[in-house]
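In what follows, a structure is listed as structure tokens, so that the remarks can point back to it.
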Amino acid sequence: MNSQSPASEPSYRLSQLISVIRNRRTIRSYADRPIPQELILRLLLASKASVSLDWNDSVARLIYFNSQQGKRKAAGLIMDAYKNQKLYKWLPKKLNQAMAERIARIPAFLAVIRKLGPSSQHNDRNYAAISAMIQSFSLLAWENDIGIVWNTDPALREPSVAAGLGLQEDERIVCLLYMGMYDKAPKPKARTAIAQKLTHLAP
Ligand SMILES: Cc1cc2nc3c(=O)[nH]c(=O)nc-3n(C[C@H](O)[C@H](O)[C@H](O)COP(=O)(O)O)c2cc1C
1 MNSQSPASEP SYRLSQLISV IRNRRTIRSY ADRPIPQELI LRLLLASKAS
51 VSLDWNDSVA RLIYFNSQQG KRKAAGLIMD AYKNQKLYKW LPKKLNQAMA
101 ERIARIPAFL AVIRKLGPSS QHNDRNYAAI SAMIQSFSLL AWENDIGIVW
151 NTDPALREPS VAAGLGLQED ERIVCLLYMG MYDKAPKPKA RTAIAQKLTH
201 LAP
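Here it is in structure tokens:
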């Protein structure tokens, strides 16, 4: 990004960075090939470096699912949790299973877990920093042909999901990232112009 960047990192121009930010889209269908795990690790390390989150306090942790067994377990937990939500209450068992299988076919999931601290100020700060890290990760992933859905469905906060994932009493799920390599990107989306959201205080 600047002259101090390590030689192994791509050198960036601002226009390239803006293009990644502007063109990134949520990807919901994935190519059949696996995501190289070392790439995921590399992108996670870089996204962690993009925020001032002190991991020495164990404020967050990640669970990566890419085995069939792990993904099936997670997909089952998710669908069971959906069943407790109004919309899915009456879903026939067969459809529920089919949806679980569909979720399990997604190449990988990443569960982002935060640890509650001594005050709401501490928790808010960490939640914000973790979210910023996820945003960095989704941009880096996009640039490396990995598509992502950032999932924050209320069903994920069902106690059965926390128990199934082995969360401690003081841990909460922030989101589940569904991800996979993508071949075809959706067109860039029109965004609300920031000028519409900007208020000038009278001098
Ligand atoms: C904080 C956050 C939470 C999200 N939660 C969900 C979710 O629970 N389920 C889902 O399908 N998509 C979720 N998304 C993805 C949005 O649906 C997606 O970003 C939106 O459709 C805009 O599309 P784009 O990312 O291609 O611009 C979330 C995105 C963000 C930034």
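Residue numbers (UniProt numbering): 1 to 203.
Where a beta carbon is used, it is the ideal one built from N, C-alpha and C, also for glycine.
Distance from Val112 to Val20 at the Cβ level is roughly 21 Å; contact not present, criterion being Cβ atoms closer than 8 Å. Bridge partners of Tyr178 according to DSSP: Phe109 and Val149.
Annotation: Glu143 to Ala49 spans about 17 Å, alpha carbon to alpha carbon. Straight-line spacing of the CA atoms in Gly180 and Leu201 works out to 44 Å. If the five residues before and after Lys189 are omitted, its C-beta is found closer than 7 Å to the C-beta atoms of Arg25, all from its own chain and listed in chain order.
Collapsing the DSSP output to three states places Arg25 in coil.
Going by C-alpha positions, Asp54 is about 30 Å away from Pro107.
Ranked by Cα distance from Ala75, the options Lys89, Arg102, Tyr64 and Ile63 are led by Arg102.
Of all residues, those with a beta-carbon under 6 Å from at least one heavy atom of ligand 1 are Arg25, Thr26, Val149, Trp150, Asn151, Thr152, Asp153 and Lys189, reported in chain order.
Rounded to the nearest whole angstrom, the CA to CA distance from Leu87 to Leu14 is 44 Å. Only residues of its own chain outside the window of five on either side were considered, and among them Val149 have a CB closer than 7 Å to the CB of Arg28, listed in chain order.
For Leu62, the enclosing beta strand (DSSP E) begins and ends at Ala60 to Phe65. Per DSSP, Leu156 is not a residue of any alpha helix (DSSP H), being assigned neither H nor E. Residue pairing by DSSP places Glu171 opposite Lys115 in a beta bridge.
Annotated three-state conformation of His122 is helix, per DSSP.
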